[in-house]
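Report on one structure; see the data block that follows.
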Amino acid sequence: MSDAEICRRLAACVRAEQLGLEEPEWRAFCARTEQALTPAAAAGGESWTIHIDGAARGNPGPAAIGLVISDSTGLTVREEGGRLGRTTNNVAEYRALLRALEIAQELGAPSLRIRSDSELLVRQMNGLYRVKHEQLLPLYLQARELCRNFASVEFVHVPRSQNRRADQLANLALDTPENSR
21 MSDAEICRRL
31 AACVRAEQLG
41 LEEPEWRAFC
51 ARTEQALTPA
61 AAAGGESWTI
71 HIDGAARGNP
81 GPAAIGLVIS
91 DSTGLTVREE
101 GGRLGRTTNN
111 VAEYRALLRA
121 LEIAQELGAP
131 SLRIRSDSEL
141 LVRQMNGLYR
151 VKHEQLLPLY
161 LQARELCRNF
171 ASVEFVHVPR
181 SQNRRADQLA
191 NLALDTPENS
201 R
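Going by the working numbering, the letters in the sequence shown line up with residues 21 to 201, in that order.
Pasting the structure below:
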């Protein structure tokens, strides 16, 4: 087991109060650890960037996904938005991830940098948070399995302002009447 994996597992098990830290200090430490332990793109390999977003109006409520896939030169090779039906925001975030991983595999992406404004998804995929919700666990496991198809997969939390197009695609899917699609 690598040092990075040991640190991820340790961070997932330890809680702020066990260390005598305030919540902001703990979050800052986890963010620094996450950034330091995120694997770099495979040596000599090209890394594609994927922005994902899941949206639900109500929780649960009508939900949709949005994703933007760019190749290593920054050229957008695929954009997609789609309805999911009624579900939670967190499930929608995972569904966006799963769809993005499937498309990236179909397109032959070697390595991935996945950007999401869902702190929960990013921290769970990086091993910093445990997946406790029974509805999310199968989605998490499926995503982990799909990640094995790439030389490396990096998950980074970004502010919503850096995830605008994926957010637009998800909201467009929600706003478009079903019979006009």
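Just so it is clear, CB atoms sit at the ideal spot from N, CA and C, and this is done for glycine as well. Everything numeric in this text was worked out from a predicted model, so none of it was measured.
Our two residues, residue 98 and residue 189, have alpha carbons roughly 12 Å apart in a direct line. Between residue 132 and residue 173, the gap from beta carbon to beta carbon is short of 8 Å. If you draw a straight line from the Cα of residue 42 to the Cα of residue 150, it is about 20 Å long. Burial is judged here by how many other beta carbons sit within 10 angstroms of a residue's own beta carbon; residue 169 has fewer than 16 and is exposed. In the DSSP annotation of this structure, the continuous segment of the beta strand (DSSP E) that includes residue 82 starts and ends at 81–90. In the three-state scheme derived from DSSP, where H, G and I count as helix and E and B as strand, residue 99 is classed as strand. Within 10 angstroms of the beta-carbon of residue 137 lie 16 or more other beta-carbons, which makes it buried. Counting the other Cβ atoms within 10 Å of the Cβ of residue 104 gives 16 or more, which makes it buried. For residue 75, the enclosing beta strand (DSSP E) starts and ends at 67–76. In this structure, the alpha-carbon of residue 115 lies about 36 Å from that of residue 40. In the structure shown, the three-state DSSP call for residue 132 is strand. The alpha-carbon separation between residue 139 and residue 198 amounts to approximately 30 Å.
The count of Cβ pairs closer than 8 Å, one atom from the region 70–88 and one from the region 110–125, reaches three, so the stretches are in contact. Here DSSP, grouped into helix, strand and coil, assigns residue 164 to helix.
At the C-beta level, residue 192 and residue 82 stay beyond 8 Å of one another.
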